[in-house]
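The letter at position 87 of the sequence shown is residue 140 when you use our numbering, and the numbering goes up by one with no holes. We put the beta carbon where it would ideally sit given N, CA and C, even for glycine.
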Amino acid sequence: MRTTIRPGAVLSGARRCRLVLVLAATAALSVTGCSLREASCGGGEYPVLAVGSTGGACVPNGQEPPTGYTRYPAGKVPEHVDDRWDIYWQSHTVDKDGKIIDAPED
Numbered sequence: 054m055r056t057t058i059r060p061g062a063v064l065s066g067a068r069r070c071r072l073v074l075v076l077a078a079t080a081a082l083s084v085t086g087c088s089l090r091e092a093s094c095g096g097g098e099y100p101v102l103a104v105g106s107t108g109g110a111c112v113p114n115g116q117e118p119p120t121g122y123t124r125y126p127a128g129k130v131p132e133h134v135d136d137r138w139d140i141y142w143q144s145h146t147v148d149k150d151g152k153i154i155d156a157p158e159d
């Protein structure tokens, strides 16, 4: 037997609570502009690029990149997994002079 809920029908307490929570979460995300995309690095960190390869790492703010890594060129820093620059840097890198080059074949 199929049950349908007619307009004006009373929802059980648990269903009403779930509905309110879902609606509230949806409204909060749309109003605040929050994104569910995964950040490239955690809070208090910035991404760095491995020189000569497509590898990367995250470095605490205020610290210099470790040997073999460099900061991304200005304006070309990936912020989220699979964003424009994350995808770009999967096939590009920088050489020891900081010049952007095609990444070497694996």
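- Excluding residues up to 5 positions away in sequence, nothing lies with its Cβ nearer than 8 Å to the Cβ of residue 117 in the same chain.
- In summary, residue 89 is exposed, with fewer than 16 beta-carbon neighbours lying within 10 Å of its beta-carbon over all protein chains present.
- Around the CB of residue 120, fewer than 16 other CB atoms lie within 10 Å, so the residue is classed as exposed.
- Rounded to whole angstroms, residue 142 and residue 126 show a C-alpha spacing of 11 Å.
- For residue 122, the three-state secondary structure derived from DSSP is strand.
- Proximity to residue 99 across 147, 151, 133, 150 peaks at 133, based on C-alpha coordinates.
- Per the C-alpha coordinates, the member of 93, 68, 67 positioned closest to residue 140 is 93.
- In the displayed model, residue 139 falls within a helix according to three-state DSSP.
- Here DSSP, grouped into helix, strand and coil, assigns residue 92 to strand.
- Within the model, the alpha-carbon separation for residue 95 versus residue 136 is close to 16 Å.
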